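Residue numbers (UniProt numbering), protein chains in the order written: chain A, 1 to 216; chain B, 1 to 216; chain C, 1 to 216; chain D, 1 to 216.
Encoded as structure tokens, the structure appears first; notes follow it.
4 protein chains.
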Amino acid sequence: MRVQAQVEGRDRPVREAPEPRRGRPRSAAAERAILDAVVGLLESGEPLAGLSIERIARTAGVGKATIYRRWSGKEELFVDVLRDMEPPEPAVSGTAGLDDLRLLLESLRRRGLAQRSSVLLYNVFAQMKSHPKLWAEYHRNVIAPRRVAMLGAVQRAVDAGELRADLDVGLMDDLFLGPMLVRTIHRPDAPLPEDLADRIVQVLVEGLAPRPAAGA
Amino acid sequence: MRVQAQVEGRDRPVREAPEPRRGRPRSAAAERAILDAVVGLLESGEPLAGLSIERIARTAGVGKATIYRRWSGKEELFVDVLRDMEPPEPAVSGTAGLDDLRLLLESLRRRGLAQRSSVLLYNVFAQMKSHPKLWAEYHRNVIAPRRVAMLGAVQRAVDAGELRADLDVGLMDDLFLGPMLVRTIHRPDAPLPEDLADRIVQVLVEGLAPRPAAGA
Amino acid sequence: MRVQAQVEGRDRPVREAPEPRRGRPRSAAAERAILDAVVGLLESGEPLAGLSIERIARTAGVGKATIYRRWSGKEELFVDVLRDMEPPEPAVSGTAGLDDLRLLLESLRRRGLAQRSSVLLYNVFAQMKSHPKLWAEYHRNVIAPRRVAMLGAVQRAVDAGELRADLDVGLMDDLFLGPMLVRTIHRPDAPLPEDLADRIVQVLVEGLAPRPAAGA
Amino acid sequence: MRVQAQVEGRDRPVREAPEPRRGRPRSAAAERAILDAVVGLLESGEPLAGLSIERIARTAGVGKATIYRRWSGKEELFVDVLRDMEPPEPAVSGTAGLDDLRLLLESLRRRGLAQRSSVLLYNVFAQMKSHPKLWAEYHRNVIAPRRVAMLGAVQRAVDAGELRADLDVGLMDDLFLGPMLVRTIHRPDAPLPEDLADRIVQVLVEGLAPRPAAGA
DNA sequence: TAATAATCGAGACGGTACGTCGCGTCTTCTG
DNA sequence: CAGAAGACGCGACGTACCGTCTCGATTATTA
Chain A
1 MRVQAQVEGR DRPVREAPEP RRGRPRSAAA ERAILDAVVG LLESGEPLAG LSIERIARTA
61 GVGKATIYRR WSGKEELFVD VLRDMEPPEP AVSGTAGLDD LRLLLESLRR RGLAQRSSVL
121 LYNVFAQMKS HPKLWAEYHR NVIAPRRVAM LGAVQRAVDA GELRADLDVG LMDDLFLGPM
181 LVRTIHRPDA PLPEDLADRI VQVLVEGLAP RPAAGA
Chain B
1 MRVQAQVEGR DRPVREAPEP RRGRPRSAAA ERAILDAVVG LLESGEPLAG LSIERIARTA
61 GVGKATIYRR WSGKEELFVD VLRDMEPPEP AVSGTAGLDD LRLLLESLRR RGLAQRSSVL
121 LYNVFAQMKS HPKLWAEYHR NVIAPRRVAM LGAVQRAVDA GELRADLDVG LMDDLFLGPM
181 LVRTIHRPDA PLPEDLADRI VQVLVEGLAP RPAAGA
Chain C
1 MRVQAQVEGR DRPVREAPEP RRGRPRSAAA ERAILDAVVG LLESGEPLAG LSIERIARTA
61 GVGKATIYRR WSGKEELFVD VLRDMEPPEP AVSGTAGLDD LRLLLESLRR RGLAQRSSVL
121 LYNVFAQMKS HPKLWAEYHR NVIAPRRVAM LGAVQRAVDA GELRADLDVG LMDDLFLGPM
181 LVRTIHRPDA PLPEDLADRI VQVLVEGLAP RPAAGA
Chain D
1 MRVQAQVEGR DRPVREAPEP RRGRPRSAAA ERAILDAVVG LLESGEPLAG LSIERIARTA
61 GVGKATIYRR WSGKEELFVD VLRDMEPPEP AVSGTAGLDD LRLLLESLRR RGLAQRSSVL
121 LYNVFAQMKS HPKLWAEYHR NVIAPRRVAM LGAVQRAVDA GELRADLDVG LMDDLFLGPM
181 LVRTIHRPDA PLPEDLADRI VQVLVEGLAP RPAAGA
């Protein structure tokens with residue numbers, strides 16, 4: 001339905017002739033049942049790779065054709081499932097530079113905590129990289145916007161004189177994001193303490209060089 | 001590698017139950033043929049998901065049982081394929097602090113480049129996160145040692161007065177590693193320029209705060 | 001026959017739960033193709049032991065599952081193949097005693113001739129005894145009814161005064177049937193001349209004792 | 001060993017040079033273990049078709065090659081197993097006609113009783129017809145000699161004037177043997193009373209025609 | 001006494017078939 | 001039309017055996 005909406009949405013100019021689609025209309029209940037079945041199975045610990053269309057249909061009490069009528073395959077279905085569960089927006093400030101960065105990192109930290117508590121998110125994310133279409137979709141919908149937001153915040157901080165202007169903003173962005181990603185991908189058991197976002201920003205700004213006698 | 005271990009009996013101390021392995025020994029040739037078949041198929045453009053044990057066996061001119069005798073399934077096999085291709089050792093210096101960090105990061109950079117040029121490495125790595133046991137294996141064999149090496153380098157840099165002593169070495173380590181991971185996982189299209197390792201180290205040491213008129 | 005039963009619903013009394021069999025109905029064409037494939041392979045000289053489900057499916061242009069959906073294994077399939085080829089009814093007279101016996105024996109004789117000309121019938125029958133359930137099925141469907149018919153004919157002959165009344169009808173029945181069975185099982189090369197049925201009946205009636213000078 | 005003996009026995013003229021067969025001699029213990037394993041498995045209810053060389057070897061604690069060194073396959077092995085268990089000789093009279101027939105039939109009756117009490121005999125016999133080589137061997141070793149013996153007895157009875165001389169001895173033989181076979185093959189639950197052999201002979205001799213006023 | 005040679009248990013080898021499961025399509029009947 | 005149901009041809013799964021082939025270790029005869 002979602003997919004449907006995208007496809008149909010394109011060629012309809014403004015809002016004219018809802019194109020009645022003769023015959024019995026698609027059942028919204030069936031659609032919900034399918035999505036709920038996927039989520040349910042994932043939450044019950046099933047690895048995403050272990051989900052077959054057949055099983056999903058059985059669990060949802062739905063014919064296989066009803067699934068194929070809406071999505072062309074497992075991946076397309078999962079894209080929709082995933083979209084259902086992403087946190088709505090990472091955070092939207094507007095002007096202040098470093099503060100925005102702190103907010104964005106804090107949002108990531110919370111998301112990391114949530115991911116750990118949710119078998120679902122973890123599995124979906126883990127599985128994703130092996131499904132190019134799924135990953136591309138995720139990248140387009142989640143990763144890219146987030147990077148745009150962070151790059152904007154970095155740029156604003158540079159403009160506001162909070163960060164050096166002689167450095168590649170891309171690299172700076174990577175530096176801010178890096179520790180969060182490391183703890184998500186490589187060290188999923190590492191702590192994500194409350195002050196992590198603040199500390200990252202502070203340490204990056206101050207630099208790692210030994211302080212020259214500090215208060216002297 | 002597996003065969004290696006059997007034949008040479010490494011890491012067994014001196015004389016502890018040689019365990020003669022009765023019956024006809026496993027064929028090293030078959031093992032090679034299997035691994036080569038996987039690599040060959042992947043290099044010929046096959047998507048990793050399209051590799052069935054049946055096809056691998058056919059390509060290698062080998063019975064299916066000969067594969068299952070060595071690996072319990074597709075994923076275990078892929079882990080070994082991957083292990084075969086991992087760069088042998090990240091880098092082994094010993095004493096100098098920041099220089100070692102630069103070397104380790106440079107090794108990671110090269111690895112990232114290699115991974116991009118190899119459909120295999122990329123896909124296998126991606127695949128792995130969805131199989132907890134395999135990921136654990138990979139973590140134990142590749143990620144963890146690398147982190148130990150980097151933590152050691154960071155600590156030596158602290159001891160040598162090259163880095164601040166008042167910060168969590170774990171966090172510092174994440175900061176060094178972060179940009180490489182970001183460009184590997186989140187931005188696989190981002191450049192990995194030759195001086196990236198140096199720049200990361202330099203920027204982190206200097207800090208992101210605007211320079212107070214340089215020599216002033 | 002199976003299909004027969006489903007389609008025509010024989011032996012269901014009048015109107016007892018039509019049980020609509022939801023979903024796409026089994027393909028009668030596939031069923032025919034399977035049975036024909038078995039018969040074809042056997043007729044082309046394949047030993048029955050050399051027939052694998054896989055080959056039958058390949059020959060019939062059918063998926064293996066389509067076979068397993070109908071029969072639980074090779075043997076059940078063969079039973080149906082056999083049932084297809086059994087002569088429809090041994091013979092159905094009704095009143096006359098010895099004449100009925102002659103007809104029944106003649107039917108057996110013809111069956112024996114057919115069996116010899118058909119690798120199939122011979123092998124399937126042989127195979128059957130080693131599968132108790134199948135043998136039971138065969139016994140119930142083929143052997144037992146035939147015995148009932150013969151016992152009836154013997155009894156009628158006794159009642160009509162054509163046979164002695166002081167003997168066990170079971171034993172008499174065995175005596176009539178015996179020679180046919182001997183030549184089927186133990187001496188498959190023995191002839192089955194046209195007048196065999198008549199001669200058996202005649203000799204049994206007359207007895208084997210030397211004739212006391214005939215007309216004396 | 002048995003097979004071996006046959007093969008070697010041919011080209012050795014009389015009894016010269018036992019041809020020492022250099023190298024380690026075959027182990028009689030292994031041979032026994034193999035045969036015992038087959039018998040044991042059959043007695044424990046295994047269908048003959050369910051016996052694999054692999055399982056026999058495992059049960060006997062013997063390598064597969066040790067079996068293949070002696071027999072070329074399952075059938076040849078079974079022939080030897082079977083030969084081990086057939087009752088030694090059906091019966092050997094010599095002169096008297098009808099009495100010999102009674103003895104031979106009585107021997108068959110006892111064998112039938114034994115067969116029923118032995119899962120082994122029953123299964124082996126049942127299975128046999130589907131294995132042409134096995135059946136041929138059985139026919140040659142068991143059925144044919146028995147028929148020769150019975151035919152001889154019938155002929156002697158004819159010569160002695162106990163049976164009509166105007167009938168085909170083959171048919172007469174089938175008539176004597178028939179009831180026993182019917183009760184073995186078609187009606188394995190039918191009784192085999194003690195006087196069965198006597199009754200068969202008597203009834204056959206007297207004939208089934210109603211007695212003409214008997215004592216009149 | 002040493003060499004030679006066939007045996008032993010064990011188990012790996014390339015294959016074939018097993019019976020099951022899932023794929024994506026199709027065909028039936030019911031709403 | 002869409003719905004559930006389920007059959008369809010196909011292909012892969014992981015297992016069991018097939019009959020052959022190494023292994024190292026016995027156990028005989030022959031030199």
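We treat Cβ as the ideally placed atom computed from N, Cα and C, and that holds for glycine.
For clarity, every value in this text was computed on a predicted model and none was experimentally measured.
- request: Give the residues of chain B in contact with aspartate 159 of chain A, contact being defined as C-beta atoms less than 9 angstroms apart.
  value: Near aspartate 159 of chain A there are no residues of chain B at all, since even the closest Cβ is about 12 angstroms away, more than 9 angstroms.
- prompt: Can you tell me where the alpha helix (DSSP H) with threonine 59 of chain C in it begins and where it stops?
  reply: 53-60
message: According to DSSP, is glycine 207 of chain D part of a helix, a strand, or is it coil?
response: In the structure shown, glycine 207 of chain D sits in coil (DSSP, three-state: anything other than H, G, I, E or B).
- prompt: Within the 8 angstroms Cβ cut-off, does methionine 1 of chain C reach chain D?
  reply: Note that methionine 1 of chain C has pLDDT 44, beneath the 50 cutoff, so the model's placement of it is unreliable and no number is given.
- prompt: Where glycine 97 of chain A and leucine 103 of chain A are concerned, what is the direct C-alpha to C-alpha distance, given to the nearest angstrom?
  reply: 10 angstroms
query: Between leucine 51 of chain C and leucine 35 of chain C, is the Cβ-Cβ spacing less than 8 angstroms?
result: Against a cut-off of 8 angstroms, the Cβ pair of leucine 35 of chain C and leucine 51 of chain C comes out as no contact.
message: At the 8 angstroms Cβ level, is aspartate 99 of chain B part of the contact set with chain A, yes or no?
response: no
- prompt: How big is the Cα-Cα spacing for valine 182 of chain D and leucine 181 of chain C?
  reply: 7 angstroms
- request: Use the C-beta contact count for proline 20 of chain C: other C-beta atoms within 10 angstroms, 16 or more gives buried, fewer gives exposed.
  value: Burial call: exposed.
- request: Give the single residue among A:Val79, A:Arg187, A:Glu206 and A:Arg83 whose Cα lies nearest to the Cα of proline 145 of chain B.
  value: A:Arg187
query: In angstroms, rounded to a whole number, what distance separates the CA positions of valine 169 of chain A and leucine 151 of chain A?
result: 7 angstroms
- request: Kindly indicate if chain D contains any beta-carbon less than 8 angstroms away from that of arginine 199 of chain C.
  value: Chain D, which has a Cβ nearer than 8 angstroms to the Cβ of arginine 199 of chain C, makes this yes.
Cβ-based burial, arginine 2 of chain C [other Cβ within 10 Å; buried from 16]: A caution first: arginine 2 of chain C carries a pLDDT of 46, below 50, which makes its placement in the model unreliable, though a value can still be read off. Exposed, since its Cβ has fewer than 16 Cβ neighbours within 10 Å.
- request: Leaving aside the five residues before and after methionine 172 of chain C along the sequence, list all residues of the same chain whose C-beta is less than 7 angstroms from its C-beta, in chain order.
  value: Val154 and Leu163
- request: Check serine 27 of chain A in the structure and name its three-state DSSP category.
  value: Residue state for serine 27 of chain A is assigned as coil, using DSSP reduced to three classes.
query: Taking the Cβ atom as the reference point for each residue, do valine 38 of chain D and isoleucine 56 of chain D lie within a distance shorter than 8 angstroms?
result: In this structure, isoleucine 56 of chain D lies closer than 8 angstroms to valine 38 of chain D by Cβ.
task: Can you say whether threonine 95 of chain B is buried or exposed, counting buried as having 16 or more other CB atoms within 10 angstroms of its CB?
output: exposed
message: Just to confirm before moving on: does the CB-CB distance between valine 203 of chain C and leucine 167 of chain D stay below 8 angstroms?
response: yes
- request: Throw me the rounded Cβ distance for the arginine 156 of chain C and aspartate 100 of chain C pair, which I believe falls under 8 angstroms.
  value: Taking a contact as a CB-CB distance under 8 angstroms, the pair arginine 156 of chain C and aspartate 100 of chain C counts as one, their CB atoms being some 7 angstroms apart.
field: Among A:Ala33, A:Gly207 and A:Gly23, the one whose alpha carbon lies nearest that of alanine 60 of chain A
entry: A:Ala33
field: CB contact below 8 angstroms: alanine 216 of chain B versus chain A
entry: Residue placement at alanine 216 of chain B is flagged as unreliable, the pLDDT there being 43, under the threshold of 50; the coordinate-derived value follows with that caveat. Alanine 216 of chain B does not count as touching chain A.
field: DSSP three-state assignment for leucine 167 of chain A, whether helix, strand or coil
entry: coil
task: Measuring only between beta-carbons, confirm whether arginine 83 of chain D sits less than 8 angstroms from chain C.
output: no
- prompt: Whose C-beta lies closer than 6 angstroms to the C-beta of valine 158 of chain D among residues of the same chain, with five residues either side of it excluded?
  reply: Ala165
- prompt: What do you reckon, are the CB atoms on proline 193 of chain A and leucine 175 of chain B nearer than 8 angstroms?
  reply: no
query: Near aspartate 64 of chain A, which residues of its chain fall below 8 angstroms by C-beta distance, leaving aside the five closest residues on each side in sequence?
result: Checking the sequence, you will find lysine at residue 64 of chain A rather than aspartate. Cβ neighbours of lysine 64 of chain A beyond the five flanking positions: Ile53, Glu54 and Ala57.
message: Need the endpoints of the alpha helix (DSSP H) that leucine 48 of chain D sits in, please.
response: That residue, leucine 48 of chain D, is in no alpha helix (DSSP H); it is neither H nor E in DSSP.
query: According to DSSP, is aspartate 195 of chain A helix, strand or coil?
result: coil
- prompt: Mind checking whether valine 205 of chain A and alanine 29 of chain B have CB atoms under 8 angstroms apart?
  reply: no
- request: For residue 219 of chain A, go through chain B and note every residue whose CB falls closer than 8 angstroms to its CB, in chain order.
  value: Any question about residue 219 of chain A goes unanswered here, given that chain A covers just 1 to 216.
task: Run down chain B in chain order and give the residues with a C-beta less than 9 angstroms from the C-beta of leucine 171 of chain A.
output: Pro179, Leu196, Arg199, Ile200 and Val203
- prompt: Does the beta-carbon of leucine 48 of chain D have 16 or more other beta-carbons within 10 angstroms, so that it is buried, or is it exposed?
  reply: When all chains shown are included, leucine 48 of chain D counts as buried.
message: Is isoleucine 143 of chain B close to chain A? Criterion is C-beta to C-beta, closer than 8 angstroms.
response: yes
- request: Grab the span of the alpha helix (DSSP H) containing threonine 66 of chain C for me, first residue to last.
  value: 64-68
- request: Taking leucine 82 of chain B and isoleucine 67 of chain B to be in contact with their CB atoms under 8 angstroms, please state how far apart those CB atoms are, rounded to whole angstroms.
  value: About 16 angstroms; that fails the 8 angstroms criterion.
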